[in-house]
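Q: Let me give you the structure first, and then I'll get to my questions.
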Amino acid sequence: MRNAVLAAVLSCSVLLGGCQKAFDMVLGDSVRSYLLSNPEILEEMATRLQEKQLAQQSDDARKAIAANRAALERDPRDVVINPGGKITVVEFYDYRCGYCKTIAPELAELVQENKDIRLVLKEFPIFGGASDLAARAALTPAGRAAGLDFHQALMEERNLNEATIARLAQAAGIRPEALSAALRDESITRHLADTRRLAESLRIEGTPAFIVGDRLIPGADLEALKTAIDAARQGPMKTPG
C-alpha cells in the first residue's frame, strides 16, 4: 500500500492539495483511511516529490546549459578574468545584490589564487536604477580595462547610488562623459538584453547564479561552487585552450 500511495503522489506535479483526483483514480477511497492511519507517510511523500522535482530541474538546467554553451562562456562582449584559464566559471550578478556582495571577496580571492579558473562576468542588473548604471559603467572600454579591480570596487560599495558609481568610475579612469554615454549606448543595451534572455532560458531569477560545466549553482554557495570547480578539474568539462 505504501508504494502505491507514493506512486500516486509522484504522478502529480504539486503536493497533496492538487492530487486528490489522482489519488481517487489510482486507489479510490481507501487512500483516505490509509493516510489517516499512517500520517507520517505525508512527510515521506513530500520528500520524494521534492527529490523528483529537483532531479527534473537539474536535468532541465543541464540541457539549457548545453544548448547555450557558447553564449554562456564565449560571448566576446563579456568581461573575462583570467582569460587563459581552463575551468570556466560563469557568474550572473547584480552590483546591488547583498548576496553577490557577500561572496564577492571570496570569489575574487579564489580566482586570484587559481589561475586555471576563467571567470566570465555576466551583468544581470535585476534591480534597475543604480544597478543598471553600474553594469553599464563596467561595460565601458575603461571599465572593461579595469576588470576585476573595478568590479570589486562596485561590489564593496554598500551604498551604491549614482553619486558613488560616478566616483568609483572616475577613480577607474572612466570619464564622466563616457559614463553618461553608456546610458544611451545601444550596443550595451543589446548586451544586457541578451544576457537577460539567456538568464531566462536557464530559469535564473535571482543573483548570484553560477555555472560550472553542466551545473547551475543558485545563490552564494561558495562550497558548492568549489566542489563544482574541483569536479571540473577532474572531468571532461575543462574549457579547451
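Residues in the sequence shown are numbered from 128 upward in steps of one, following the numbering used here.
Positions of the beta carbon are idealized from the N, C-alpha and C atoms, including for glycine.
1. Along the alpha helix (DSSP H) that carries P303, what are the first and last residues, could you check?
2. Helix, strand or coil for K249? Go by DSSP, reduced to three states.
3. Nearest to E305 by alpha carbon, out of L325, A280, L260 and Q279?
4. What's the C-alpha gap between D243 and E167?
5. Following the continuous beta strand (DSSP E) through E218, name the residue where it begins and the one where it ends.
6. Give me, in chain order, the residues of the same chain whose beta-carbon lies closer than 6 Å to that of P367; leave out the 5 immediate sequence neighbours on both sides.
7. Please state the DSSP three-state secondary structure of P268.
8. Quick test of the definition: if touching needs 3 or more C-beta pairs under 8 Å, does the stretch 283-291 touch the stretch 219-236?
9. Taking the alpha-carbon of R324 as reference, which of L163, P232, I253 and K213 has the nearest alpha-carbon?
10. Restricting to Cα atoms, I'd like to know which of A298, I192, I338 and K353 is closest to Y370.
11. Looking at the strands, I want to know which residues DSSP matches up with R342.
12. Classify I208 as helix, strand or coil using the three-state DSSP reduction.
13. How is I244 classed by DSSP in three states: helix, strand or coil?
14. If you measure between the beta carbons of A269 and I301, is that distance less than 7 Å?
15. For I192, which of helix, strand or coil comes out of DSSP?
16. Taking 7 Å as the cut-off, decide whether the C-beta atoms of T215 and R245 are in contact.
17. So, helix, strand or coil for T334, using DSSP?
18. Exposed or buried, what is P406 when buried is set at 16 or more other beta-carbons lying within 10 Å of its beta-carbon?
19. Quick one: using the 10 Å Cβ neighbour count with 16 as the cut-off for buried, is R311 buried or exposed?
20. Of all the options E240, T267 and K213, which has the alpha carbon lying nearest to the alpha carbon of E313?
21. How many Å lie between L248 and L199 at the Cα?
22. Taking the C-alpha atoms as reference points, what is the distance between D276 and E170?
23. Identify whether D202 lies in helix, strand or coil by the three-state DSSP scheme.
24. Quick check: the Cα distance between N195 and S307, rounded to an integer number of angstroms?
25. If you check the beta carbons only, do L281 and Y222 fall under 7 Å apart?
A: The structure says:
1. Taking the sequence shown and counting its residues from 1, one reaches residue 303 at position 176. Where P303 is concerned, the enclosing alpha helix (DSSP H) stretches over P303 to A309.
2. As a first step, residue 249 is located in the sequence shown; it is residue number 122 there, counting from the start. Three-state DSSP puts K249 in a strand.
3. The residue labelled residue 305 in the question sits at position 178 within the sequence shown. The question names Glu, but residue 305 is Ala in the sequence shown. Per the Cα distances, L260.
4. Taking the first residue of the sequence shown as position 1, residue 243 is located at position 116. Taking the first residue of the sequence shown as position 1, residue 167 is located at position 40. Distance between the alpha carbons of D243 and E167 is about 49 Å.
5. As a working note, residue 218 is residue 91 in the sequence shown. Looking at the DSSP string, the run of the beta strand (DSSP E) that includes E218 is I214 to Y220.
6. As a position in the sequence shown, residue 367 is number 240, starting the count at 1. Its pLDDT being 47, under 50, P367 is placed unreliably by the model, and nothing is read from it.
7. In the sequence shown, the residue the question calls residue 268 occupies position 141. Looking at P268 - three-state DSSP - the assignment turns out to be helix.
8. Yes, they touch.
9. Here residue 324 is taken as the residue at index 197 of the sequence shown, counted from 1. Closest option to R324, Cα to Cα, is I253.
10. Given that the chain is displayed from residue 128 to residue 368, the structure contains no residue 370 and the question cannot be resolved.
11. The sequence position of residue 342 within the sequence shown is 215, counting from 1. V339, per the DSSP bridge assignment.
12. Numbered from its first residue, the sequence shown carries residue 208 at position 81. In the three-state scheme derived from DSSP, where H, G and I count as helix and E and B as strand, I208 is classed as strand.
13. If you number the sequence shown from 1, residue 244 lands on position 117. I244: strand per DSSP, three-state reduction.
14. By 1-based counting over the sequence shown, the position of residue 269 is 142. By 1-based counting over the sequence shown, the position of residue 301 is 174. Yes. Within cutoff.
15. Looking up residue 192 in the sequence shown gives position 65. Helix at I192.
16. Against the sequence shown, residue 215 aligns to sequence position 88. Against the sequence shown, residue 245 aligns to sequence position 118. Yes, Cβ-Cβ distance for T215 and R245 is below 7 Å.
17. As a working mapping, residue 334 is identified with position 207 in the sequence shown. DSSP places T334 in coil when its eight states are reduced to three.
18. With the chain running from 128 to 368 in the structure shown, residue 406 is simply not present.
19. For this step, residue 311 is matched to residue 184 along the sequence shown. The residue in question, R311, is exposed, as its Cβ has fewer than 16 Cβ neighbours within 10 Å.
20. Within the sequence shown, numbered from 1, the residue matching residue 313 stands at position 186. Closest option to E313, Cα to Cα, is T267.
21. Here residue 248 is taken as the residue at index 121 of the sequence shown, counted from 1. Here residue 199 is taken as the residue at index 72 of the sequence shown, counted from 1. About 10 Å.
22. Translated into the one-based positions of the sequence shown, residue 276 becomes position 149. Translated into the one-based positions of the sequence shown, residue 170 becomes position 43. Their backbone Cα atoms lie some 49 Å apart in a straight line.
23. Locating residue 202 in the sequence shown gives position 75, counting from the first residue. In the structure shown, D202 sits in coil (DSSP, three-state: anything other than H, G, I, E or B).
24. The residue you call residue 195 lines up with position 68 of the sequence shown. The residue you call residue 307 lines up with position 180 of the sequence shown. Taking the straight line joining both Cα atoms gives about 32 Å.
25. Your numbering for residue 281 matches position 154 in the sequence shown. Your numbering for residue 222 matches position 95 in the sequence shown. Remark: C-beta atoms of L281 and Y222 approach each other more closely than 7 Å.
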